[in-house]
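First the structure, in the form of structure tokens, and then the observations on it.
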Amino acid sequence: MPELRFPWIEVSILVPMFGALWLHFISNAERSLRHCVVICAATFALTVGELIDFVSLGAFEAHDHWLFLDWLFNRDIFVVDELSSYQLPLVALIFLVTVLATLRTKAPRFSLKLALVSESLMLATFSCRESWTLILLLVVSTIPPYLELRQRERCTRIYRIHMGAFVALLVTGWAWMSMVDVHSSAVLVPGAFLTTACLLRAGIFPLHLWMTDLFEKGTFGTAILFTTPLVGAYAVMRLILPIAPSWAMQSIAILSLFTAVYAGGMALVQREARRMFCYLLLSQSSLVLVGLELVTPIGMTGALCLWVSVGMSLTGFGITLRCIEARISRISLADFHGLYQQMPILSGFFLLTGLASIGFPATVGFVGMELLIEGAVDVYPLVGSMVVIAAALNGIAVLFAYFRIFTGRHNRTLIPMHARPAEKFAVLVLSLLILGGGLYPQPGVASRYHAAKELTRQRQSNPMTVDPKHPVHHEK
Amino acid sequence: MSPLLESSLTLQCMVITLGLVSAICGALMSRVQSDIKVSLAYASLTQVGIIVVEIGLGFRYLALIHIIGHASLRTMQLLRAPTLLRDYNELENALGARITQRQSGWTRILPAAVHRWAYRFGFDRGFMDIALDKFIVRPFLALFSVFDSLERQVTDLISNEASRESDDAPLHPEESQRVA
């Protein structure tokens, strides 16, 4: 397997881990926040380095050149391939902008140490392929939000029940899978266990209540960090796609489509901004799953493009709401707040990220949504139109929230509402990526299409997953 | 004719019907407007409806001529509209009275009740906003409010307490003058 020129993967996993230890010895909250920003920025730089190095290699997969933990792990535990190369910088970016947008006064409530530990676990998760290490990382990554809920003395029952079921199904399914031949029909039952686990983690109806509960009871930052990287979709891509037959995947796509429409409708009846955001995220993440579950090259390309755009745009949308909440507490959507005059930059960013999440032209989400709709209609001509309905409902929810929060009678407040330099920087970075990705989509789309074709080729090599409707033509 | 329209009689009928409905609705709506430019906008809608009927019937060259002629005429009307109103004002000032409008043939034939209904139809834009609100928006929101209520009951049951802290969110926290 080709080697990267520097151990980007391991270093990017270890830096936030050691950073969390470092923060343990800093008692001052303001210094902790500054140091945390530096650590997250360094991690992001490392993941960008990994992406550039990987792209320059021109290979489908690669591992680190030197392995610090070679004595502990097998050489091929942490591998970057075309499917995960963009996800690693995306995860690091999500953590960086969320920490950047944390107000100094809120730093004590938002556990920076747990955030860095979560970042380390998530980067390790996205660097793993199907293996017991991936299963272990998926299980362990459910712990930090639980610890935070306990710290905040909130009821953890809903979270425990759902994550307990997730862990049980995941471990049982993988253990069973290890004992059967993946090219035979014996894989169907353990595959069903793993599928249920992954869909639970992704928040597919009716297993989504843990997500709304986490947004209700946890800190907004932790909830955003735990959900926006779309770990459930990654688990589906690594654990389910290689083994599930096309008929099974396309049947699950119906459930994901239903979830997308259901969550879009639910977002419209919420009276509070966090819950609206949670349902918006559920709807968009379900659309990503739809694309993966269609298992056609166009559908999967759309899903992979949409994954990046949803990660960026909904993170930006979420941190804007979080910035407002940090100043004035939870935002009711029952009346108009008139905050535009006091927060013009954040209001513009809110609109940009909200529209980007639904695939507005000239934003990074446009091409992905277009490909997803085409893929869905190709497989299910009538049901595929539900993708359009879900996107329309999400668009209405975004605009509804925008008008409720930023328009209306202007109320003068003594609280400083303008964006701080760190928030402006986070806004600028995300805006550039959202608009840049929308105006110059070709390089990203071409690489996602190549990755989707490779996924399809891998599925064609397994007799359980071969799809006669979409043969892969091998280049001579 | 367009190959798509040629191959489907159903589609042709749908296109013609939509064009006719648009033309009739546009004609009614333009007559009840109090603003000249909005009235001209609805008049444009009427012409577009007629053009769509022409396309549906397969008269594509007629439709093309109609589009060009309509574009030229409507542009001139829109540009002339402000000065036309000023000319009317000056004329009425000179006459010392309002210029009487001659009633159209339809107004003389149709009963007063139909006039009133047509006025309300045009003024409320074909009752589309009201119909949309009554038959689509409210049932939709009511249905999802029921789902929301069911989810609340389930989460309250599992948590054995009121599970939604967001219910206590103040309506206007920005007026409290206190930092969160």
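These protein sequence lines map, in sequence, to chains D and U.
When we follow UniProt numbering, the leftmost residue of the first sequence carries the number 1, and every step to the right adds one.
When we follow UniProt numbering, the leftmost residue of the second sequence carries the number 1, and every step to the right adds one.
Beta carbons are placed, not taken as given, at the ideal position from N, Cα and C, and that holds for glycine.
Model, not experiment: these values are computed from the prediction.
Based on DSSP bridge pairs, tell me the residues matched to residue i.
| i | result |
| --- | --- |
| residue 272 of chain D | D:332 |
| residue 78 of chain D | D:128 |
| residue 356 of chain D | Residue 356 of chain D pairs with nothing; no bridge assigned. |
| residue 61 of chain D | D:81 |
| residue 293 of chain D | DSSP lists no partner for residue 293 of chain D. |
| residue 3 of chain D | D:63 |
Measuring CB to CB, does residue i end up less than 8 Å from residue j?
| i | j | result |
| --- | --- | --- |
| residue 283 of chain D | residue 256 of chain D | no |
| residue 321 of chain D | residue 452 of chain D | no |
| residue 233 of chain D | residue 167 of chain D | no |
| residue 314 of chain D | residue 397 of chain D | no |
| residue 295 of chain D | residue 249 of chain D | yes |
| residue 63 of chain D | residue 76 of chain D | yes |
| residue 2 of chain D | residue 94 of chain D | no |
| residue 417 of chain D | residue 355 of chain D | no |
| residue 426 of chain D | residue 343 of chain D | no |
| residue 243 of chain D | residue 180 of chain D | no |
| residue 122 of chain U | residue 32 of chain U | yes |
| residue 273 of chain D | residue 333 of chain D | yes |
| residue 117 of chain D | residue 40 of chain D | no |
| residue 89 of chain D | residue 60 of chain D | no |
| residue 298 of chain D | residue 375 of chain D | yes |
| residue 148 of chain U | residue 269 of chain D | yes |
| residue 434 of chain D | residue 387 of chain D | no |
Please confirm if residue i has its CB atom under 8 Å from at least one CB of chain U.
| i | result |
| --- | --- |
| residue 394 of chain D | no |
| residue 328 of chain D | yes |
| residue 269 of chain D | yes |
| residue 334 of chain D | yes |
| residue 259 of chain D | no |
| residue 266 of chain D | yes |
I'd like to know if residue i contacts chain D, where contact means its C-beta is closer than 8 Å to some C-beta of that chain.
| i | result |
| --- | --- |
| residue 148 of chain U | yes |
| residue 169 of chain U | yes |
| residue 173 of chain U | yes |
| residue 4 of chain U | no |
| residue 140 of chain U | yes |
| residue 144 of chain U | yes |
| residue 203 of chain U | One cannot answer for residue 203 of chain U here, as it falls past the ends of chain U, which runs 1 to 180. |
| residue 163 of chain U | yes |
Using a cut-off of 7 Å between C-beta atoms, extract the partners of residue i located in chain D.
| i | result |
| --- | --- |
| residue 166 of chain U | 216, 272, 274, 275 and 330 |
| residue 159 of chain U | 155, 157 and 158 |
| residue 131 of chain U | Those do not exist, as residue 131 of chain U stays about 18 Å from chain D at its closest Cβ, beyond 7 Å. |
| residue 54 of chain U | The contacting residues do not exist; residue 54 of chain U stays about 30 Å from chain D at best. |
Give the residues of chain U in contact with residue i, contact being defined as C-beta atoms less than 9 Å apart.
| i | result |
| --- | --- |
| residue 161 of chain D | 158 |
What residues of chain U sit near residue i, judged by a beta carbon separation below 8 Å?
| i | result |
| --- | --- |
| residue 339 of chain D | 174 |
Counting only Cβ pairs nearer than 8 Å, list the residues of chain D close to residue i.
| i | result |
| --- | --- |
| residue 155 of chain U | 158, 209, 212 and 213 |
| residue 92 of chain U | Going along chain D, no residue has its Cβ under 8 Å from residue 92 of chain U, so there is no contact; the nearest lies around 41 Å. |
I want to see whether chain C comes within less than 8 Å of residue i, judged by CB atoms only; does it?
| i | result |
| --- | --- |
| residue 94 of chain U | No chain C is present in this structure, whose protein chains are D and U. |
Extract the residue ranges of the alpha helix (DSSP H) inside the segment 144–225 of chain D, only unbroken runs of 4 or more that lie entirely within it.
157–178, 188–202 and 209–217
Where are the alpha helix (DSSP H) runs, 4 residues long or more, that stay fully inside the segment 378–452 of chain D, in chain order?
385–406 and 421–439
Scan the segment 76–118 of chain U and note each continuous alpha helix (DSSP H) run of 4 residues or more that stays entirely inside, going in chain order.
105–109
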